[in-house]
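The next block holds one structure in the form of structure tokens; read it before the comments.
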Amino acid sequence: MSAEATNAPAPATLPPAGPAPQAQSRRRRSIFVRRPFFTVALVIAAAYLLAATFAPHVAPYDPVMQSMDAMMQPPSGAHPLGTDSYGQDILSRVIYGARYALVIGLFSVLIGAAGGLVIGLAAGLSGGWVEWALMRLIDSILALPSLILAVAFIAILGQGVDKVVIAVGLSMIGPFSRTVRADVMQVKVQGFVEAAQLMSIPSLQVIRRHILPNVVFPLAVQVTIRISEAILVSSSLSFLGIGVTPPTPDWGLMIAEGRDFVSFAPWMSAMPGFALALLLIALSIVGDGIREEYDPKSRRGA
Numbered sequence: 014m015s016a017e018a019t020n021a022p023a024p025a026t027l028p029p030a031g032p033a034p035q036a037q038s039r040r041r042r043s044i045f046v047r048r049p050f051f052t053v054a055l056v057i058a059a060a061y062l063l064a065a066t067f068a069p070h071v072a073p074y075d076p077v078m079q080s081m082d083a084m085m086q087p088p089s090g091a092h093p094l095g096t097d098s099y100g101q102d103i104l105s106r107v108i109y110g111a112r113y114a115l116v117i118g119l120f121s122v123l124i125g126a127a128g129g130l131v132i133g134l135a136a137g138l139s140g141g142w143v144e145w146a147l148m149r150l151i152d153s154i155l156a157l158p159s160l161i162l163a164v165a166f167i168a169i170l171g172q173g174v175d176k177v178v179i180a181v182g183l184s185m186i187g188p189f190s191r192t193v194r195a196d197v198m199q200v201k202v203q204g205f206v207e208a209a210q211l212m213s214i215p216s217l218q219v220i221r222r223h224i225l226p227n228v229v230f231p232l233a234v235q236v237t238i239r240i241s242e243a244i245l246v247s248s249s250l251s252f253l254g255i256g257v258t259p260p261t262p263d264w265g266l267m268i269a270e271g272r273d274f275v276s277f278a279p280w281m282s283a284m285p286g287f288a289l290a291l292l293l294i295a296l297s298i299v300g301d302g303i304r305e306e307y308d309p310k311s312r313r314g315a
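Shown next, in the form of structure tokens:
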């Protein structure tokens with residue numbers, strides 16, 4: 014071998030394939046650092062949750078206590094957010110209203126998710142006329158807005174907090190059903206599911222071990238997104254006068270009670286309206302952040 018060949022520089026080696034260092038460091042950073050708006054929204058939502066949990070200790074007054082001497086007082090030291098036409102402290106009613114809003118939103122979404130999981134699984138796994146009938150049921154639910162369906166269910170069930178939870182939950186079954194069915198249709202054609210079926214594993218075991226784990230997590234992500242919608246629908250029912258009944262401290266009911274006095278006592282509607290808007294915005298940002306961070310579909314599309 015010649016000296017020239019011996020002294021020739023070695024060919025440069027390519028770096029190992031993989032994600033760029035910047036992308037790796039970005040993924041290693043906490044979601045709270047990468048998404049500042051998500052962090053702020055999560056703090057606001059947590060503050061609402063704490064206020065709702067400890068409402069008896071945080072609220073300065075009984076939310077249903079009336080005082081004829083304190084009717085429609087503007088914000089002051091004694092009443093930081095003012096009082097309503099019955100002399101009730103608005104700050105106390107807003108704090109207790111957070112409790113009702115979160116309870117109605119959470120439990121109604123859980124009802125909708127449970128019903129959507131059952132119908133979506135049945136539609137995605139059955140096929141034939143059963144799937145056709147279930148899909149027509151889902152389409153009929155989705156054909157109307159959630160508020161219109163909730164109004165129809167309230168007309169059948171009656172008024173009250175428990176009735177509002179059931180009505181809003183039933184109106185949200187359609188979106189959850191379609192989401193679950195789409196996930197089931199994708200999962201059941203995967204190789205590991207077909208292999209389990211070829212091994213003569215019972216169908217219920219295949220569903221429990223292979224299909225449900227791949228469906229429940231995207232469904233849980235959808236739950237976080239739909240809570241704000243459920244709160245908005247329930248508050249709209251109360252605003253229309255067919256949801257929660259007085260003197261329950263509900264934000265929609267408070268806004269409706271204050272609209273007749275908005276010209277000279279705007280704080281009666283403005284304070285609960287601001288509380289409702291802030292919570293809805295915070296929950297929407299938190300839900301979108303969780304979906305973009307943990308939903309497999311969103312991560313594949315990124």
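Each residue of the sequence shown is one higher than the one before, counting from 14 in the working numbering. Beta carbons are placed, not taken as given, at the ideal position from N, Cα and C, and that holds for glycine.
Residues bridged to T52 [DSSP beta-bridge criterion]: None, per the DSSP bridge assignment.
Any contact between the region 262-276 and the region 125-137? By contact I mean 3 or more CB pairs, one from each, below 8 Å. no
So for D263, helix, strand or coil by DSSP? coil
Could you tell me whether the region 58-67 touches the region 105-115, where touching means 3 or more Cβ pairs closer than 8 Å? yes
CA-CA distance, I167 and G173? 9 Å
Taking the C-alpha atoms as reference points, what is the distance between L296 and S213? 45 Å
Taking all protein chains shown into account, do 16 or more other C-beta atoms lie within 10 angstroms of the C-beta of F51, making it buried, or fewer, making it exposed? buried
For F189 and L104, what's the separation of their Cα atoms in angstroms? 35 Å
Classify V219: buried if its beta carbon has 16 or more other beta carbons within 10 angstroms, exposed otherwise. buried
What residues match up with D102 in a beta bridge as DSSP calls it? T96
CB A243 to CB V122, shorter than 7 Å? yes
For G302, does the count of other Cβ atoms within 10 angstroms reach 16, so buried, or fall short, so exposed? buried
Hey, V299 and A111: beta-carbon distance below 7 Å or not? No, they are not a contact pair.
Pick out whichever of F67, R222, S153 and D82 has its Cα sitting closest to the Cα of K201. R222
Apart from the five residues just before and just after E385, which ones in its own chain have a Cβ nearer than 7 Å to its Cβ? Not covered by the structure: residue 385. The range shown for the chain is 14 to 315.
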